[in-house]
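Top to bottom, those sequences are chains A and B. Here the numbering used here is used: position 4 in the first sequence is 4, and no number is missing along the way. Here the numbering used here is used: position 140 in the second sequence is 140, and no number is missing along the way. We treat Cβ as the ideally placed atom computed from N, Cα and C, and that holds for glycine. None of these values were measured; they are calculated from a predicted model. Taking it in order: structure first as C-alpha cells, then the write-up.
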Amino acid sequence: MIGFEEQKRIFELIGNTLRKRVECLVIGGSAMLFYNFSKIATKDVDMVFASERERDFMIEALDKLGFKKNVYEKGTGKPVRMEFKDMMFDLFAGEVFRFKISGGISGRVKEMVEFSNLVAKIISPEDIIILKSMTDRKGDRDDASRIIKETNVNWDVILQEIEWQSKNNPNAAILFYDFLEDLVHDFNADIPRDVIKKVKEMYKGMMDRLR
Amino acid sequence: MRLEEKWRETAKEVEGIYSVEALAKRMGVGKRTAVNYVHELRKKGFVETMRGKRGKRLYKINPLRLRNIGNPGIYDLLNRYSSLKLQSGVRERIVGYRIEKPEELLVRALLTRDFRVVLSAVELFRIIKDWKYLYSLAKKHKLERFIAALYFLSRRYFRVRRMDHRMLNMIRKSKIKERYLIPNIESSDFKDIQKEWGVFLPFNKSDMDRLRVKK
C-alpha cells in the first residue's frame, strides 16, 4: 500500500529521473489521496499518458529506478504494469481499458502538480467515480461510495460524460448502470433517483442496440 | 460520528460562497454563531477566504479539500505581482522547487503561450532587475526576441528599469526562430516594435489598457 507522503516522494524521484518533461493524468485511488478523503493509502498508482511515446519515457524512468515490467499487453487501453517491492504503477496511454480520455475529463482537472519533469494532473472526483466503474473490484466500489459520501458530486457532469463515452463504447452505460446498482444496494450510497433513472434509460437503449 | 466527519457533513450541506450575513441566513443562526462555524470549518480546511466587491470578506466553503503540497505555481505568483488577476479552475503547485525570481516567472509565463497569462506577465518588467539571468533563460527557451519586444511594449505603459544595452545587442544578433508568441495571433497595433524585433505581439492597445498600472 502507498500513502500520500510515499507517493509524493516517489513522484519527486521519477520527476528527477525523467529525461523529458512528461504530463500525465493521475486517476483512481492515487488521485483520491490528493483530495484528503478518508482513504489514506492506495494499492497501485494509475496514470494516463497522452501518447505511447510519453508512456515510454515514464517506463524508462521507472526502469532506471529499479521497477520491473510485470504485465505487458500491447494495444490501446491496456496498461503497462511496473512493480518494485510492494509498489505498483499501472501506466495507460490515451485510454483506460475502452474508456477514452475526453476533452471534458482533461478540462475538469482540479490540480496540476509539477514534480520537476513529471507534471501530474489530478482528475476531478466525478471522473474518478466514472473511471472506477470500468472495473469490477469491490475496492473500487468502496472508493466511489466514499467520494459520494464525502463530497457533493455533480451528477450532471457524470451523466454527460457517460453519454459521450457511450457513443464510442456501448459498454460504458451498461457498466456504469451495474456500478450504480451495486453502490446503492451494497454500499447504501446516496445517489439521486433521477440519475439512476437516466442511466437506466441509457442502459436500456444500449442493450436494445446490442440485440 | 467522528468530529472530522461532522464538519465535513456541515461543509457539504452549505457548500458555496457566502458573506457572514448570507451564511447566517442559510444556516438559520445568528451572525456570531456563523462566524464561529466559519472559524471551525477553516481549522479543518473547508474554508477559503476571498474578497468581494469593495473588499467585502467572502467565505468559500467546499467539502473537497486539496492537500497542501509544494509551492505556488505561476497563476498564484502572477496574481501576487500583476494588476490583471487570473482565475483558473486548476490549482497549480510545484514540488521541490520554488520560483523565486520574477525573471523566471516571466519566462515560464511566456512558455504557457496563453494570452491572459502573457498579458498579466508583461507587468513583471516593472520589477525585473537581473537582465543577465533573464537573457540566459530566454536564450535557453528561444524567447529572446519576444522578451525584447515585450520590454519595449511595457515601456510605453509603465515605468520600467532600463535594459542592459549589451543584452539588447545580443538579442539583435540572435536569429528569428519563431515569429508568433501565441500561434496565429498578431497585433494590429505596435507595428514598429513588431517590425524592429521581427516577431508578432499578441496584444492590441485595448488589451494593454486592461493593465491598471500607475505610470
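In chain order, which continuous runs of the beta strand (DSSP E) of length 3 or greater are located wholly inside the region 60-84 of chain A? 68-72, 80-84
How long is the line joining the alpha carbons of A:LYS68 and A:ALA50, rounded to whole angstroms? 22 Å
Could you please give the first and the last residue of the uninterrupted alpha helix (DSSP H) stretch that includes A:GLY104? 103-107
Using a C-beta cutoff of 9 Å, does A:GLY15 count as contacting chain B? Yes - at least one Cβ of chain B is within 9 Å of the one on A:GLY15.
Where the region 111-130 of chain A meets chain B: residues whose CB sits under 7 Å from a CB there: GLU111, MET112, VAL113, GLU114, PHE115, SER116, PRO125
If we define contact as Cβ-Cβ less than 9 Å, is A:ARG108 a contact residue for chain B? yes
Take A:GLU114 and list the residues in its own chain whose beta-carbon comes closer than 7 Å to its own, dropping the five residues that flank it on each side. Excluding sequence neighbours, A:GLU114 sits near nothing in its chain.
Sub-9 Å separation of A:ALA120 and A:LYS132 beta-carbons: no
In terms of DSSP beta bridges, what is B:ASN71 paired with? B:ILE94
Could you tell me whether the region 32-47 of chain B touches the region 81-90 of chain B, where touching means 3 or more Cβ pairs closer than 8 Å? no
So, are the CB atoms of A:PHE99 and A:MET134 less than 9 Å apart? yes
If you check the beta carbons only, do A:ASP46 and A:GLY66 fall under 9 Å apart? no
is_contact[A:GLU181, chain B] using C-beta, thresh 9 Å: A:GLU181 does not count as touching chain B.
Mind checking which residues open and close the alpha helix (DSSP H) that includes A:GLY28? 28-34
Going by Cα to Cα distance, which pick from B:LEU105, B:VAL95, B:GLN87, B:GLY16 is closest to B:ASN62? B:GLY16
Counting contacts by CB-CB distance shorter than 9 Å, is A:LEU91 in contact with chain B? no
Alpha carbon to alpha carbon, how far is A:ASP208 from A:LYS200? Near 12 Å, if we compare the C-alpha coordinates of A:LYS200 and A:ASP208.
Just verifying my parser: in three-state terms, what is the DSSP assignment at A:ASP127? helix
Just the Cα atoms here: how many angstroms apart are A:LEU159 and A:LYS197? 11 Å
Going along the chain, which residues of its own chain have a beta-carbon closer than 7 Å to the beta-carbon of B:LEU216, five neighbours each way excluded? Because residue 216 of chain B is not part of the residues shown, which for chain B are 1 to 215, the question remains open.
Any C-beta of chain A under 9 Å from that of B:GLU15: yes
Please determine, among B:LEU66, B:GLY89, B:TYR18, the residue with the shortest C-alpha to C-alpha distance to B:LYS53. B:TYR18
In chain order, what residues of the region 57-88 of chain B put their CB closer than 8 Å to some CB of chain A? Residues are counted here when their Cβ sits less than 8 Å from a Cβ of chain A; for the region 57-88 of chain B these are PRO63, LEU64, ARG65, LEU66, ARG67, ILE69, GLY70, GLY73, given in chain order.
Return the CA-CA distance between A:LYS110 and B:ARG91, expressed in angstroms with no decimal places. 6 Å
Over the uninterrupted beta strand (DSSP E) stretch that includes B:GLY16, give me the two end residues. 16-18
Is the number of C-beta pairs between the region 90-97 of chain A and the region 49-64 of chain A that are closer than 8 Å three or more? yes
Through-space distance from A:TYR35 to B:PHE158, alpha-carbon basis: Spanning the two alpha carbons is a distance of roughly 42 Å.
Under the three-state reduction of DSSP, which class applies to A:THR151: helix, strand or coil? Judged by DSSP in its simplified three-state form, A:THR151 adopts coil rather than helix or strand.
Enclosing beta strand (DSSP E) for B:LYS60 [first to last residue]: 57-61
Count the C-beta pairs between the region 192-205 of chain B and the region 169-184 of chain B that are closer than 8 Å, then say yes if the count reaches three, no if not. With the cut-off at 8 Å, the region 192-205 of chain B and the region 169-184 of chain B touch.
Return the chain-ordered ranges of every alpha helix (DSSP H) run that is complete within the region 11-51 of chain B and spans a minimum of 4 residues. 20-27, 31-43
Have a look at B:GLN194 and A:LEU13 and give me their C-alpha separation to the nearest angstrom. 43 Å
Opposing strand residues paired with A:MET47 [DSSP bridges]: A:VAL26, A:LEU91
Can you tell me which residues form a DSSP beta bridge with A:ASN41? First, the amino acid is wrong: residue 41 of chain A is Ala here, not Asn. Answer by DSSP bridge pairing, in chain order: A:GLY3.
Using the rule of at least 16 other Cβ atoms within 10 Å of the residue's Cβ for burial, across every protein chain shown, is B:THR33 buried or exposed? By the neighbour-count rule (16 or more Cβ atoms within 10 Å), B:THR33 is not buried but exposed.
For B:TRP7, which residues of its own chain have a beta-carbon under 7 Å away from its beta-carbon, when the five flanking residues on both sides are left out? GLU40, LEU41, LYS44, PHE46
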